[in-house]
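Asker:
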Amino acid sequence: MIELKALQAQVKTLVEDLRRQVAEAPGLRAKLRQEYAQAKAAERVGGSFETWLDDVLDQAAVAWVLGCVFVRFCEDNELVEKLWIGGADPAAPAERAVQHRQAYLIANPRENDRHWLREAFGYLAELKATGKIFDQHNPVWRFAISGPAAEELSDFFRRGAGQESLRRDDLNTRFLGDLYQDLSTHAKKTYALLQTPEFVEEFILDRTFEPAVKEFGLAATSVIDPTCGSGHFLLGAFHRLVRKWQHREPATDIKVLAERALGQVTGVDINPFAVAISRFRLLIVGMKVCGLTKLERTPEWPIRVATGDTLLPWGAFSSRAQGDLLAEMEGREVFAYESEDADLLKDYLAENQYTVVVGNPPYITVSDSARNQLYRSIYPTVCHRQYALTVPFAKRFFDLAKRSDEHGEGAGYVGQITGNAFMKREFGKKLIEGYFAHEVELTEVIDTSGTYIPGHGTPTVILVGRANKRRRAATLRTVLGVRGEPSAPEIPADGLVWQAVVRQVDLPGSESEWITVADLGRSQLSSHPWSLSGGGAAGLMEFLTRAPSRFSEVVNEIGFGAVTREDSAYMVGAGPLRRAGIPGAQQRPLVEGEVSRDWAISDPVMSLWPYREETFDSVATPSMRRLLWPMKSTLAQRVAYGETQLERGLTWFEYSMFFAKRYRVPLSIAFAFVATHNHFVLDRGGKVFKQSAPVIKLPEGATEDDHLRPLGVLNSSTACFWLKQVSQPKAGGGVGRGMQDEAWEERYEFTGTKLQEFPLPAAYPLERARELDGLAQRLSSLTPAAVTASGVPTRQRLAEAEAEYQSVRARMIAHQEELDWEVYRLYGLIDEDLTCANPPKLALGERAFEIVLCKSEARTAWFDRHESKPIDQPQPHWPAEYRSLVEKRIATIASNRYIGLIERPECKRRWSQKRDKQRWGWAEQEKAALQDWLLDRLEAPELWGGQPTPLSVAQLADRVGHDQDFRAVLDLWVGHDNYDLTRTLGLLIADEHVPYLPAQRYKPSGLRKRAQWERTWALQRREDAGEKVEIEVPPKYASADFVRPSYWRARGKLDVPKERFISYPQAGRDSDGSELLGWAGWDHLAQAQALATVYLDRKTQEAWPAHRLLPLLAGLVEIEPWLHQWHSGDHPTFPGSPAEFFTDFINAELSQLSSDRSALALLRGVPELP
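First residue of the sequence shown? That's 176 in the working numbering, and the numbers climb one at a time after it.
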């Protein structure tokens, strides 16, 4: 098998080559712009032309690589009579291929390897068997790679990393499924490419195809996979059809049977190269079945696979019109891309025709706003809120199936493995309660979130049903998850959970360690959310619902405090806000769910707050406008409720949503929207809460104790159990499946809607909640960051704080354990009071459930992950009374099934000391706090005040070398006092600067995005001047767009400067090899002055030649537009306008250096957009 990484590299190389070819072909570019404009008018795309072009070029590059793979496969397996590329095995044909190429190029001296490869593709296009694969829709005809690129591609497959033999004695094309999934990283992300494992495909076909054949008969059976990908379901159905035809008609020519079977199988996919792979695989498997060995002698089979968007209404419309848009579109052609098979799609995607509809639809949300809205308009009965594609595809699958007659008979079978987020997340409400409950007949709902399915990082469910809404069965089969796969099996099909599904699915009432199978009443799955938990969880949930009240009875409202819809623009941190001159009144901590942990909010990001303190009206100071202006179009075109920011009557600079009424009373309960466990925190005001940290507001006049009462219950292990039963697990890697390696690692989405239904006991654990809240506040005051903020940190101060910090944390662990056991009694789960008024401090590993876990000898990472020591009996140093109490708790866990379900790691507080998946204990916090203190000192005004002048790291070392406090803290940071000061400062600052020129910051992909941003800024300036212009939102940056990870961390998706320093690579004095830096708090005028200072020094004092001076002038050109925007008026220290002064300066210096602005444009590296 050819190495995937090598193939991916070829795709990337060809994308860049094609980008150059398109730029140099105005006719092609004009046609592409026309196609883009038509697609945009048809609402099939909403992003910029450049973003759309990225996808088109990626598809074209893949087509060239995949075309070569097909040719090589045919050559290596001797399926064709000619040779074009050849490979290493066998050598003779490879040599003949080289000779044929040479002869061709000698006979056609004006042609190159591109023409030779097209000779191969053209030959296959003329054959009946492969004509559709290489027809006019294939991008290799529309997009011409350069001669050198074609030669490199040929060499890659002939003698490079791609020369490995593709010979398969059994003509197995499974490897093409791997190519489909991984050949293009861009396509994999865009289309959520994921092949379906054969064992899953076979299982779904067993439960759909087989009963369909029995009911409709073999001749009437028709199968479609509307999201066919690389064709696994199509091949599986084809094999079954051929076997059944052979059994029925053993005397009939196999070629006739194969052609008949191919005509009964249909596939559609939005991804052109997925369709090419599916067609090729069906062709090869057909040849194998028929014993054919040459493509030239293979007939033109009816391979029914087409490229197109399955969700669009290509053909005739159903009488069940789904919305005004469909009525409007009747009689009007759907816009089709060049790559799409529009005529075929009208036939293939006509509703009410297939007896079997199977597939694995994408689970992602649609990021393109236009396409997202288009699908919402076509499927209004199911698309709800921020829906995932699982929702419209669920309906589309059933629409394609034959509908039942008035007696409920004759309905087609539908089977799909799909993302299970709709089961509990709000966007699934319409699908479950409106569609599944009334319009179709689900027959099986199989929880596969705990199975090991390679590559599936999203929790899944298998849905089987029929397109029948009449006389539906009263029950449906459910497979309920109990426990996930403990580890990745060597053979996925042999996984413990999957095998349990296979064995038990037809045994209702059966229960195992892994699953429970039950026939549930249809009404039980007719309301949202669904809970597919087995093993006694349903009984415990029913018990808890007997509680006397619901949370909705004590709260006023639950919801987000603010939604920015562009966090990167606002959440920039205290340092960047200070450097940008943002007043303190326009700054507030913006709290994310990730920092709401263990009764406290830790280190929220200081953010822009564009509102007045008193009235909450939106307001922007001049400094705020300057900071946000580069993102003005992006912010103005944020969409909520189907309207842009301005259409909603909001200012462009304020949050997309700000719920002022939730801030009029300071007290709130905030919680983590996504977390592995429940984390609720009492906040006393002064913060803003985004959607990942919703707030709970009690009725006006509620006291602090009124908040603490429910807070204690909400933070209990009982609440954790209940919330996980009604909440949606988030996608996660784990061992390659939706569920994590262990249940306690699984993250859940805890929503306000679910919380409203939370059952409350008659009494509350107020004293425990008050104690834990107080301890959490004390713990926050003892962190290393708190120590460094209150004065110069010393080893003694830090040691004293650490000792108390660890003591308080141990007390919190102990009191949380008491709270959990008190809540069990409050709910009636136990009768005896098993709590201790004054428990001893506890370390992780010493709680009752952890002792049980240790004694069970279960394979778990719980102890290692939390750096705790497992013990198998109560600690001997505990008071006897407490030891006895813990033993009673252990006995209760064993004897009380409901307590046993809760007293597990997945419901017990983790007290995790992690940040961004990295350890975040005292040592790590101390190191970070010391580093921040040192870096803050390096930004001190006494270092950067006066005339803006860059300093080298060596110069900084000279200036701080005599600062005793600085040196003492640096000693703590380093760990000793024996170090080179300049070198150590260089290490300290290494990730805190960003270069001044775009070419030094961005990779080529980032420079292309920068060009689009600069075009947007030019249009914004025209708009600000009163001109009416149309502005496209530029694309966001990604980490891969930046030269260094530290630049990405400093800038983010919107390229907002958060760095402390500007670096000027290769601009330092020749005698000083250390990094030259400027302060990032300088405005554009100060940056220009600093650059001019360096330029004049290097010109006059260092006598630098032109090629070394020009980058500094390029840096001034980088700043020039901003000078004209913000500093165009007269200035007391300039002869008029600073902007005009520096423009004249640049021009004059260019003249002296015998250069021009085109040279500076090349040095900046930002390409010119046509």
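Idealized CB from N, CA, C, for every residue including glycine.
Alpha carbon to alpha carbon, how far is L700 from A649? Give it in angstroms, no decimals.
Answerer: As a working note, residue 649 is residue 474 in the sequence shown. As a working note, residue 700 is residue 525 in the sequence shown. Answer to the nearest angstrom: the Cα atoms are 11 Å apart.
Asker: Which runs of the alpha helix (DSSP H) at least 4 residues long sit entirely within the region 963–1041? Give them in chain order.
Answerer: Qualifying alpha helix (DSSP H) stretches, in chain order: 970–1002, 1023–1031, 1037–1040.
Asker: For D792, count the other beta carbons within 10 Å of its own beta carbon; 16 or more makes it buried, fewer makes it exposed. Which is it?
Answerer: Counted from its first residue, the sequence shown places residue 792 at position 617. Counting Cβ neighbours within 10 Å, D792 comes out exposed, since fewer than 16 surround it.
Asker: Spatial neighbours of E1343 within its chain, please: CB distance less than 6 Å, with the 5 preceding and 5 following residues excluded, ordered by chain position.
Answerer: The sequence position of residue 1343 within the sequence shown is 1168, counting from 1. There are no such residues.
Asker: Am I right that I621 and V654 are in contact with their C-beta atoms under 8 Å? What's the rounded C-beta distance?
Answerer: Position 446 of the sequence shown, counting from 1, holds the residue named residue 621. Position 479 of the sequence shown, counting from 1, holds the residue named residue 654. Correct: roughly 4 Å between the Cβ atoms.
Asker: Terminal residues of the continuous beta strand (DSSP E) containing Y588?
Answerer: For the purposes of this step, residue 588 is identified with residue 413 of the sequence shown, where counting begins at 1. Looking at the DSSP string, the run of the beta strand (DSSP E) that includes Y588 is 588–594.
Asker: Pick helix, strand or coil for Y627, following the three-state DSSP scheme.
Answerer: For this step, residue 627 is matched to residue 452 along the sequence shown. Looking at Y627 - three-state DSSP - the assignment turns out to be coil, as it is neither helix nor strand.
Asker: By how many angstroms is the C-alpha of F848 removed from the C-alpha of R772?
Answerer: Along the sequence shown, one-based indexing puts residue 772 at 597. Along the sequence shown, one-based indexing puts residue 848 at 673. R772 and F848: Cα-Cα distance of roughly 11 Å.
Asker: Applying the criterion that 16 or more other CB atoms from any shown protein chain within 10 Å of the CB defines a buried residue, is T565 buried or exposed?
Answerer: Position 390 of the sequence shown, counted from the start, is the residue given in the question as residue 565. Buried.
Asker: Quick check on the burial criterion: 16 or more other C-beta atoms within 10 angstroms. Buried or exposed for G594?
Answerer: Taking the sequence shown and counting its residues from 1, one reaches residue 594 at position 419. So G594 counts as buried.
Asker: Please list the segments of the alpha helix (DSSP H) lying wholly inside the region 444–493, counting only runs of 4 or more residues, in order along the chain.
Answerer: Counting only runs of 4 or more, we get 447–465.
Asker: When DSSP builds the beta bridges, which residues end up paired with T151?
Answerer: Past the boundaries of the shown model lies residue 151; the chain is included only from 176 to 1345, so the question cannot be answered.
Asker: So who's on the other strand from Q762, going by DSSP bridges?
Answerer: Your numbering for residue 762 matches position 587 in the sequence shown. Answer is L783, bridged to Q762.
Asker: Which of helix, strand or coil does DSSP assign to H407?
Answerer: Looking up residue 407 in the sequence shown gives position 232. Three-state DSSP puts H407 in a helix.
Asker: If we require 4 or more residues per run, which alpha helix (DSSP H) segments fall completely within the region 1128–1175?
Answerer: Entirely contained in the region 1128–1175, the alpha helix (DSSP H) runs reaching 4 residues are, in chain order, 1128–1135, 1139–1149, 1156–1164.
Asker: Do P1125 and Y1239 count as a contact pair if the criterion is CB distance below 8 Å?
Answerer: Start at 1 with the first residue of the sequence shown, and residue 1239 comes out as number 1064. Start at 1 with the first residue of the sequence shown, and residue 1125 comes out as number 950. Yes, they are a contact pair.
Asker: Going by DSSP, which residues form a beta bridge with Q866?
Answerer: Position 691 of the sequence shown holds residue 866. BP columns for Q866 are empty, so no partner.
Asker: So the alpha helix (DSSP H) T928 belongs to, where does it begin and stop?
Answerer: By 1-based counting over the sequence shown, the position of residue 928 is 753. 927–931 is the span of the alpha helix (DSSP H), which, as asked, contains T928.
Asker: Apply the 10 Å Cβ neighbour rule to S702 and answer buried if 16 or more other Cβ atoms are within range, or exposed otherwise.
Answerer: Translated into positions along the sequence shown, residue 702 becomes position 527. Looking at its Cβ environment, which holds fewer than 16 other Cβ atoms inside 10 Å, S702 is exposed.
Asker: How many Å lie between E601 and Y923 at the Cα?
Answerer: Taking the first residue of the sequence shown as 1, we reach residue 601 at position 426. Taking the first residue of the sequence shown as 1, we reach residue 923 at position 748. Going by the C-alpha atoms only, they are around 13 Å apart.
Asker: Cutting at 7 Å between CB atoms, please list the residues of its own chain near L810, excluding the five before and the five after it.
Answerer: To locate residue 810, count along the sequence shown from 1; it is residue 635. Correct list, in chain order: E741, A744, L803, Q820, W827, F828.
Asker: Please report how far the alpha carbon of N547 lies from the alpha carbon of A569, in whole angstroms.
Answerer: Locating residue 547 in the sequence shown gives position 372, where the first residue counts as 1. Locating residue 569 in the sequence shown gives position 394, where the first residue counts as 1. Each residue's alpha carbon lies about 16 Å from the other.
Asker: Please check the pair F510 and A214, which I expect to be a contact at CB under 8 Å, by giving their CB distance rounded to whole angstroms.
Answerer: Position 335 of the sequence shown, counted from the first residue, corresponds to residue 510. Position 39 of the sequence shown, counted from the first residue, corresponds to residue 214. About 6 Å separates the two Cβ atoms, so the contact holds.
Asker: Sorted by chain position, which residues of the same chain lie with C-beta nearer than 8 Å to V910's C-beta, five sequence neighbours on each side aside?
Answerer: Counting from one through the sequence shown, the residue named residue 910 turns up at place 735. Per-residue confidence for V910 stands at a pLDDT of 35, beneath the threshold of 50, marking its modelled position as unreliable; the derived number appears in the next sentence. So the list reads Y627, E660, S662, A663, D916, once near-sequence residues are dropped.
Asker: What's the call for S808, buried or exposed, on a 16-neighbour Cβ count within 10 Å?
Answerer: As a first step, residue 808 must be located in the sequence shown, where it is residue number 633. Per the 10 Å Cβ criterion, buried.
Asker: What number of angstroms, rounded off, separates the C-alpha of R859 from the C-alpha of M832?
Answerer: Taking the first residue of the sequence shown as 1, we reach residue 859 at position 684. Taking the first residue of the sequence shown as 1, we reach residue 832 at position 657. Looking at the two C-alpha atoms, the distance is approximately 22 Å.
Asker: Note down, one range per segment and in chain order, each alpha helix (DSSP H) of at least 4 residues found wholly within the region 1209–1281.
Answerer: Entirely contained in the region 1209–1281, the alpha helix (DSSP H) runs reaching 4 residues are, in chain order, 1220–1226, 1259–1275.
Asker: Bridge partners of K872, per DSSP?
Answerer: As a first step, residue 872 is located in the sequence shown; it is residue number 697 there, counting from the start. According to DSSP, which records beta bridges pairwise, K872 is partnered with E732.
Asker: DSSP on F413, reduced to helix/strand/coil?
Answerer: Counted from its first residue, the sequence shown places residue 413 at position 238. Reduced to three states, the DSSP call for F413 is helix.
Asker: Can we say the region 1226–1238 touches the region 1143–1156, given the rule of at least three CB pairs closer than 8 Å?
Answerer: Flag = no, the region 1226–1238 and the region 1143–1156 do not touch.
Asker: Can you tell me where the beta strand (DSSP E) holding R578 begins and where it ends?
Answerer: In the sequence shown, residue 578 corresponds to position 403, counting from 1. Neither: R578 is in no beta strand (DSSP E) and is coded neither H nor E.
Asker: Terminal residues of the continuous beta strand (DSSP E) containing S843?
Answerer: Taking the sequence shown and counting its residues from 1, one reaches residue 843 at position 668. Unbroken beta strand (DSSP E) run through S843: 843–846.
Asker: Going by alpha carbons, who is nearest to L930 out of D995, H854, R943, H1306?
Answerer: If you number the sequence shown from 1, residue 930 lands on position 755. Checking every option, the nearest Cα to that of L930 belongs to H854.
Asker: Out of D694, E875, V388, which has the shortest C-alpha to C-alpha gap to R839?
Answerer: Here residue 839 refers to the residue found at position 664 when the sequence shown is read from its first residue. Selected option, being the one with the closest Cα: E875.
Asker: Mind reading off the beta-carbon distance from L1266 to L1287? Whole number of angstroms is fine, and I expect it under 8 Å.
Answerer: Looking up residue 1266 in the sequence shown gives position 1091. Looking up residue 1287 in the sequence shown gives position 1112. Contact flag correct, Cβ pair sits at about 6 Å.
Asker: With a 10 Å radius around its C-beta and 16 neighbouring C-beta atoms as the bar for buried, classify S902 as buried or exposed.
Answerer: Looking up residue 902 in the sequence shown gives position 727. Buried, since its Cβ has 16 or more Cβ neighbours within 10 Å.
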